[in-house]
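*Asks:* One structure is given below, represented as structure tokens, and several questions about it will come after.
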Amino acid sequence: MKQSVNILLSFIAILAIALAAAAAGRADAPGWFRILPYAAFGLFLAGFVYRVIRWAKAPVPFRIPATCGQGKSLPWIKSNPLDNPAGPLGAIGRMAAEIFLFRSLFRNSQTEIVDGRPVYGSAKWLWFFGLMFHGSLLVVVLRHLRFFTEPVLPAVTGLSALDGFLEIGVPALYLSDATLLAGLAFLFLRRAVLPQVRYISLFADYFALLLIAAVAATGLLMRHFFPVDLNAVKTMAMGWATFAPVAPKDGSVILYMHLCFVFILIAWLPFSKLMHLGGIFMSPTRNMINNNRSLRHINPWNTPVKVHTYKEYEDEFRDKMKAAGLPVEKE
Amino acid sequence: MSLAKIPKPEELMKIGYKPPATAWMKTPVDFRPGTWSYAAAAKNLAALDMPNPRAWQPSDSDWKLPENWRQIILDGMKERLEKYRSFRLFMDICVRCGACADKCHFYIGSGDPKNMPVLRAELIRSVYRRYFTKAGMCFGTLAGARDLTVDVLKEWFYYFYQCTECRRCSVFCPYGIDQAEITMIGRELLNLIGCSINWVLEPAANCFRTGNHLGIQPGGIKDMLEFLADDIEDRTGVRVDVPINQKGADILFVTPSGDYFADPGTYTCMGYMMLFHEIGLNYTFSTYASEGGNFGLFTSHEMVKRLNAKIYAEAKRLGVKWILGGECGHMWRVIHQYMDTMNGPADFLEEPVSPITGTRFENARSTKMVHIVEFTADLIKNGKLKLDPSRNDHIRLTFHDSCNPARAMGLFEEPRYIIQKSCNHFYEMAEDTIREKTFCCGGGAGLGNDENMEMRMRGGMPRAMAVRDVVRKHGVNRLGCICAIDRVTLPPLMDYWVPGVTVMGVHELLANALVMKGEKERTTDLRGDSI
Amino acid sequence: MKQHKWGLILLGLAIFAIAVTFPFWYGKGKTAPPVLSLETPEIAGLADKKCVEDAVFMRANHMKMLQAWRDEAVREGKRVYTANDGRTFEKSLTGSCLQCHSNKEHFCDRCHHYVGAAPSCFDCHIVPAEVKK
Amino acid sequence: MTSSRRDFLKIAGASALTMMTPAIFVPAWAKDVIVIPPGQGLALKKALAAGRWAMTVDLTKCTADCTDCIAACHAIHNVPDFGNPKDEIKWIWKESFASVFPGEQNAYSGEKLQKLRPPVFCNNCENPPCVRVCPTGATFQRPDGIVMMDYHRCIGCRLCMAACPYGARSMNYRDPRPCIAKINPDFPTRSKGVVEKCNFCEERLAKGTLPACVEACRQKALTFGDAENPRSEIRRLLKTRFSLQRRVHLGTGPQIYYLL
Amino acid sequence: MLEKALHGSLRYRIWIACLILVGCAGFFFYLRQLDYGLGITGMSRDVSWGLYIAQFTFLVGVAASAVMLVLPYYLHDYKAFGKITVLGELLAVAAVVMCILFVFIDLGRPARVMNVLLHPQPSSILFWDMIVLSGYLLINLVTGWVILACTKKEIPPPGWIKPVIYLSIPWAISIHTVTAFIYAGLPGRSFWLTAIMAPRFLASAFASGPALLILVCLILRRWGRFDAGEKAIQALAKIVAYALAASIFFVGVEMFTVFYSQIPEHMHHFQYLFMGLEGHHNLVAWMWIFAVLSIAAFVMLILPGVRRNEVWLALACIAVFVSLWIEKGLGLVITGFIPSPLGAITEYHPTGPEITITLGVWAAGFFLLTVFYKIFVHVRGGTDGSPCGPAVDKMIH
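Chains as they are written, first to last, in my numbering: chain U, 1 to 331; chain G, 1 to 531; chain P, 1 to 133; chain C, 1 to 260; chain S, 1 to 397.
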């Protein structure tokens, strides 16, 4: 199968990165790890800003919200301010629901033909696991602030405590790690197994999932199977944050792999489909207010066009109009 | 005519959703008869000053493209990437989750993976990546990029003219990616090298010259409207006026030409005329702006603007206070989302106020154009109409939300309110097929032609099956809608999938129930069927 | 209506940039990494200043080792740990570890606070020095 | 399994390949419960070992108003005093003869019996129902008969309290630490939410000392020893004296013998 | 389908808001309990299980009752239950979720709950109870949801669902049997040490669960646009009547054995329950309410004329539910500890926080139940073919 090649390739790519990281770790990485984090983070930030500015530079010539509920019209008709926002509050609410709750994906259904007719079943798994994956990722990222703040922010400590509420093992298994991997597993399997989704999947689709999975897996391995000296890790992280980078002391191979995957992930993010992180905020069908008829929207490049004027029209049809008894401008 | 050529419904229903063994980039397009529309005639291209007028058909191997066609397209893409944030964004942020896949009526009806909105967009995205992103330039296929070849161009033509721009996919997309936007840009690009379909360009050319799609000249319009007035008198005993091009009228009424020239739209038009007469509205038709529809929407943004300009121009010339629009789908997408931006501001008009009820239509404050169902719902709510719903007792109705009023306006309750007040037997279709999740008739966006009939029947299948369900469950015999294209495309769809169901506009239903001053006792509905 | 909405977009970008650069400007990280104090009388009295296993291993693995000790001592009654170099120790947090590292505040806590670890050992196990106070 | 875990620590400690040792791919928390083969354990040189630990309480020596054993036990084990009977935690306490031995008294029992206040504690049963019902193995029986509480593993479901026919178990309904008069650093306190009980001073046995209550009893009423060793003092006492066990008909095999 | 629960009438929204409010109050006090420990409750060294475990016991019965719909429909093709088996399955789901919550909040160290899985102890009945309860939850969630989804799609349910449904029948028996074994297998607790504990549990379960279902059906008929059908409701009422009869009979049997044998240890508990012991009679009033209500309910249900009257039926069902709640939810668990093995009588008084937390869990369960039934009614209403005119009317105010 042609589409399986992409899966294979992405596995190979991940493996290659892991090996490279291992090699870099052996070959006395310190120098490397003084530049790499800044390079990756710089690419991430600059790339992200660049992409957003690039989108922003293109105007939104027309107001094209996709309306998914009753619009605001006559006062006695109950409108749906969230799915069909009539004002900025509604639009903000709609975006918030989209970003935090994956509102549109919540609508998802599954179509199949049964007994010669299409039926539409509820299909919330993608929504559920998608939300679980993204939410877990957010928690994981926030938790890592413990390596970047000194003293550790109380909120971060609280979040970690909540996340490790179930005392599974020592150190306690973070639930977000488990749910993150579960979400990733669902998304990957879905992509690799469902024929339709596999058909549309590109190399980058698998690679993105596997890269994040690699980050999560190396992180989990470090926490539970190949412990590292957290003091040294934090010293390294704080070194970066204070622009006084120090090489990780006694860094393990897994740590190098973890870092390498993270650097590649954040450096690649702005230039990949993962940029949907920023893009969702800009989507005109979602972030616009449906007030087209009550407030004029301006198109900055409203190019003049050639039209067929009434004069030209009457000139052509004047006789016929007169014959039909229709009024004309010019007798 | 082509109904005979297309397979029987049972045959058509055998849809395989298994994707082909070859990767989509390596699966060439097959111009199978019945699934594509004829190319635009040279005369129509010329009439609209469009490039590369010539005689050709998509099934030809040589499309007689201009020498530098690739450059034209790429330049056009670049220009549009800079002009439309939607286009650039939608090229960039799709994650190919596939949530849109089985939401497209053409995919459900055909099983062709390139009819999944995501893949339809990938057709153009792959070219975007190849020429406009570093990754695509460097890594090619691995980055999902591919060269723009004639085969790719043919694929574009086939699949962008196999999308009705209904926006159903956009409802389900987690990023709101709107395939209609991508299709519109895709069609614009194709138009740059003269690749369009005749069923779009002929109405557009007609509209540009005569003011309406059918190319009807002023006298013809008057005759037809008078004829409808005769019919009204015959059914009701009331003679209604037919004001045309009247200066000094309060309101300009614009409706698709299909409403006064083709059944069953004509009954809807009779409905408008009866309603306006009954409430004593001071309004006028126009022969110059005799078309509400706008096939420019299926051509290019520029063409939208060219064809739409007549409405405001005519309103200004006639000196009306505001504009009332009839039942139409894409007409309302243009009026709601484009008209004011393109051809406004309409500062020569007044903010719309119903002369009958005094209601101020706040939501049309700037555009100054009110949808007739908003107008009528307001009349009913204020008790200005006397309705006898039992006159519609022979009708068991279900209602089809047209894509554009649904997903570009959110016009759901107004038509239902009118329906509910005008008849006693109203049944909704399955909830996944109505309101914002409504299915296309299969023939929108200029695809409602006969040569494309198989694809229309496939694309319309989800809608038709939902109708069939309520036919079986509730004995429904009539399909209501508020769209002129629906009134043209749904009857053959119903004949094919659900024989026995006929199609009507909401104002036909209203007019059946409307008790008019001085009317005789009604024995038939507007169609002459006894009640 | 405004066209580009540059205001909103730039605001959003600024918020984003501020958020992701948080560790850089939060700035409280100038403090040096904690120095774990080994200055207790017990350690001072040791001829060979060596922990149960070597320090690199202990830094990364002490929690796992303590957990293993815990289960073996409580559940299996095996209370003697033979270190890699042959020395033996009682498997006991209070009885072994805290005897040398009697300065919990300056040894355990400093690092635990630094990396945001919150072990629950001391909910039950007692630091002898603290009781004496 | 057990030795491999010790090996892990050794190997891991020695090897520079800290992170690459496949042996540690088994997470510590995924380890099965270890079944201790008989005759193993208590490796400390001075540790006291037995086939089955048991205790006799000589009711002829035990005086009703003496609480030395209780005080010693509770002090050494950091047993808190909450000051209310609801949350009360007790390892040893005294009850009336009728309560301890329901059915063993009669209407005409002499004053001598009625006046007795036998000390009661966990019987460290031979067939302990609390171990049977514990869903996590937090309560388990050692090969030497001691019924142990693993405070690290207890989830606080209190099924063992329902199962114990002797009311020997207490639940930490709240944080005990603030209510401990004087903390003994050599024994852990408990956290709120776990169940605890007499453990036959297994921590003292490991160090070669007798249970605290036995040591504390000035009347020498308590004798502790190996019931499986026919030459032990406890066996001698049981051979020569009449003894009662609490609710022995329940089949639990209590290992506290009351001598009369 | 989940989205259907997000919209509803004013009455629905108020009801949901109330449930959320009570749930939040419960959650607040649960946080207090987490902080302070179980000492916040009325439980003590002697009475170490209280309201929480008692509710758990009672609700296992409610959960098991789904079998009373599934069995007649699937094994005996009793068509009248066809429309409402899903109701029973979803009730079971909500009840099992409440059970699990009640066990969870009763734990002293909830954070360690996973130890049950990490260190499984096959000798522990609680371990088996966890397995049968989670299995039952899964079975009912899957069957209920799949059948509902198929109803919505108007397609026949998939073939594999049948074996799962058959499996749910013995499984339902097992959850209550295993739960009964938690009590019946304890050597020192003579009150529970009886071989008919499991049958007693089942009998009361088959009365209380269907009684609740009847009430739900009556509510849905009046306010929910769903009619389960008179035949189904009457059949359920008969099930309740005979199960209640069996339940009362079993209690009588226990009393005979205890009081005729005159073994003091066994007698004390019943004396405490119905007469009070040594001046302690906390539960006496409750138990007599139980006795009166259950017998009155039995009489009402056994008389066809009374049973067919909707109001009387509702009253009888409330009486059944309340009386069995008293018997299982108060009497059975707490009395096992009174008197204690050492003969001490410690009374048990649930505290305010404890009651609030208990109500919070009930609210969570009813929230789930409401959501399920909202979806159920929507799906049923959508396919049963009521004209949609009135619905539109409601949307436009």
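For glycine and all other residues, C-beta sits at the position ideal for the given N, C-alpha and C.
It should be emphasised that the depicted structure is a prediction, and the values quoted were computed from it without experimental measurement.
1. Short of 6 angstroms in beta carbon distance, which residues of its chain neighbour Y81 (chain P), apart from the five on each side in sequence? Order them along the chain.
2. According to DSSP, simplified to helix, strand and coil, what is H297 (chain U)?
3. What residue range does the alpha helix (DSSP H) around H134 (chain U) cover?
4. Of all Cβ atoms in chain G, is any one closer than 8 angstroms to the Cβ of D163 (chain U)?
5. To the nearest angstrom, report how far apart G410 (chain G) and K103 (chain G) are at their CA atoms.
6. Would you please verify whether the beta carbon of I155 (chain S) is less than 8 angstroms from any beta carbon of chain U?
7. State the start and end residues of the unbroken alpha helix (DSSP H) segment that holds T489 (chain G).
8. Could you confirm whether any beta carbon from chain P is found closer than 8 angstroms to the beta carbon of T303 (chain U)?
9. Quick check: is the beta carbon of V139 (chain U) nearer than 8 angstroms to any beta carbon in chain S?
10. Compute the Euclidean distance between the alpha carbons of L180 (chain U) and L189 (chain U), then round it to the nearest angstrom.
11. Taking a contact to mean a Cβ-Cβ separation below 8 angstroms, would you say G209 (chain S) touches W171 (chain S) in this structure?
12. So which residues of chain S does Y114 (chain U) contact, with C-beta pairs closer than 8 angstroms?
13. Given M149 (chain C), which residues of its chain have a CB within under 8 angstroms of its CB, disregarding the five upstream and five downstream residues?
14. Between which two residues does the beta strand (DSSP E) holding R117 (chain U) run?
15. Name, please, each residue of chain P whose Cβ falls closer than 8 angstroms to the Cβ of F148 (chain U).
16. Return the chain-ordered list of same chain residues with a C-beta closer than 8 angstroms to the C-beta of R209 (chain G), the five sequence neighbours on each side being excluded.
17. Just confirm the distance between the C-beta atoms of T56 (chain C) and T223 (chain C), as a whole number of angstroms; I'd bet it's less than 8 angstroms.
18. Mind listing the chain U neighbours of T367 (chain G)? Cutoff is C-beta to C-beta under 9 angstroms, in chain order.
19. Within the stretch 172 to 229 of chain S, note down every full alpha helix (DSSP H) run reaching 4 residues or more, in order along the chain.
20. Using a Cβ-Cβ distance under 8 angstroms, would Y173 (chain C) count as near chain P?
21. Can you grab the Cα-Cα spacing for the pair A21 (chain U) / V253 (chain U), in whole Å?
22. Along the chain, which unbroken stretches of the alpha helix (DSSP H) at least 4 residues long are found entirely within the stretch 283 to 355 of chain G?
23. Identify the residues that DSSP records as bridge partners of T398 (chain G): which are they?
24. Using 7 angstroms as the cut-off, classify the Cβ of G83 (chain C) as near or not near the heavy atoms of the ligand GTP, replying yes or no.
25. Would you say the stretch 85 to 94 of chain C touches the stretch 111 to 127 of chain C, given that touching needs at least three Cβ pairs under 8 angstroms?
26. Determine the DSSP secondary structure at D175 (chain C), reduced to helix, strand or coil.
27. In chain S, which residues lie with their C-beta within 7 angstroms of the C-beta of P165 (chain C)?
28. Is the number of C-beta pairs between the stretch 178 to 194 of chain G and the stretch 289 to 300 of chain G that are closer than 8 angstroms three or more?
29. Strictly under 8 angstroms for the Cβ-Cβ distance: is K306 (chain U) near chain P by that measure?
30. Helix, strand or coil, according to DSSP, for I251 (chain G) in the structure here?
31. Suppose the cutoff is 8 angstroms on Cβ atoms and the five residues either side in sequence are ignored; what does the same chain contact list for S79 (chain U) look like?
32. Under the three-state reduction of DSSP, which class applies to D432 (chain G): helix, strand or coil?
33. Identify the contact partners of S160 (chain U) in chain S, using a Cβ-Cβ distance below 9 angstroms as the criterion.
34. According to a CB-to-CB cut-off of less than 7 angstroms, which residues of the stretch 181 to 197 of chain C neighbour chain P?
35. Is the CB of V67 (chain S) under 8 angstroms away from at least one CB in chain U?
36. Assuming G459 (chain G) contacts G109 (chain G) under a Cβ cut-off of 8 angstroms, what Cβ separation, rounded to an integer in Å, is found between them?
*Replies:* The short version:
1. Only F89, K91 meet the Cβ criterion.
2. The three-state secondary structure of H297 (chain U), taken from DSSP, is coil.
3. Here the alpha helix (DSSP H) through H134 (chain U) covers 125 to 143.
4. The beta carbon of D163 (chain U) does not come within 8 angstroms of any beta carbon belonging to chain G, so the residue lies off that interface.
5. About 19 angstroms.
6. Output row for I155 (chain S): interface = yes.
7. Where T489 (chain G) is concerned, the enclosing alpha helix (DSSP H) stretches over 484 to 497.
8. By the rule that beta-carbons nearer than 8 angstroms mark a contact, T303 (chain U) does not touch chain P.
9. Among the CB atoms of chain S, none fall inside 8 angstroms of the CB of V139 (chain U).
10. Answer to the nearest angstrom: the Cα atoms are 14 angstroms apart.
11. Contact: no.
12. Note on residue identity: the sequence assigns Val, not Tyr, to residue 114 (chain U). By Cβ distance, chain S contributes K153, I155.
13. The residues are A138, T139, V194, V195, E196, K197, N199.
14. 117 to 122 is the span of the beta strand (DSSP E), which, as asked, contains R117 (chain U).
15. The answer, in chain order, is F22, P23, Y26, G29.
16. Around R209 (chain G), the same chain offers A47, G215 as residues with beta carbons nearer than 8 angstroms, after the five sequence neighbours per side are excluded.
17. About 5 angstroms separates the two Cβ atoms, so the contact holds.
18. For a Cβ distance threshold of 9 angstroms, residue set N292, R293, S294, R296 of chain U lies close to T367 (chain G), ordered along the chain.
19. DSSP runs (the alpha helix (DSSP H)) wholly in the stretch 172 to 229 of chain S: 197 to 223.
20. Taking Cβ atoms only, chain P never reaches closer than 8 angstroms to Y173 (chain C), which makes this a no.
21. In this structure, the straight-line span from the alpha carbon of A21 (chain U) to that of V253 (chain U) is close to 8 angstroms.
22. With a minimum length of 4 residues, the continuous alpha helix (DSSP H) runs that stay inside the stretch 283 to 355 of chain G are 301 to 318, 330 to 334, 340 to 343.
23. Its beta-bridge partners are G:L479.
24. Ligands in the displayed structure: none, and consequently the ligand GTP is not present.
25. Yes: at least three Cβ pairs fall under 8 angstroms.
26. Annotated three-state conformation of D175 (chain C) is coil, per DSSP.
27. Chain S residues near P165 (chain C): P187, G188, P341.
28. The stretch 178 to 194 of chain G, when compared against the stretch 289 to 300 of chain G, does touch it at the 8 angstroms Cβ threshold.
29. Closer than 8 angstroms: no.
30. Reduced to three states, the DSSP call for I251 (chain G) is strand.
31. The beta carbon of S79 (chain U) sits closer than 8 angstroms to the beta carbons of G69, Q70, G71, K72, S73, A86 from its chain, once the five residues preceding and following it are set aside; these are given in chain order.
32. DSSP places D432 (chain G) in helix when its eight states are reduced to three.
33. Identification of chain S residues near S160 (chain U) by a Cβ-Cβ cut-off of 9 angstroms yields none; the smallest Cβ-Cβ distance measures about 14 angstroms.
34. Listed by position, the residues of the stretch 181 to 197 of chain C near chain P (Cβ gap below 7 angstroms) are I183, P185, D186, P188, T189, R190, S191.
35. With 8 angstroms as the cut-off, V67 (chain S) does not count as an interface residue toward chain U.
36. Your pair G459 (chain G) and G109 (chain G) checks out as a contact, with CB atoms roughly 5 angstroms apart and the cut at 8 angstroms.
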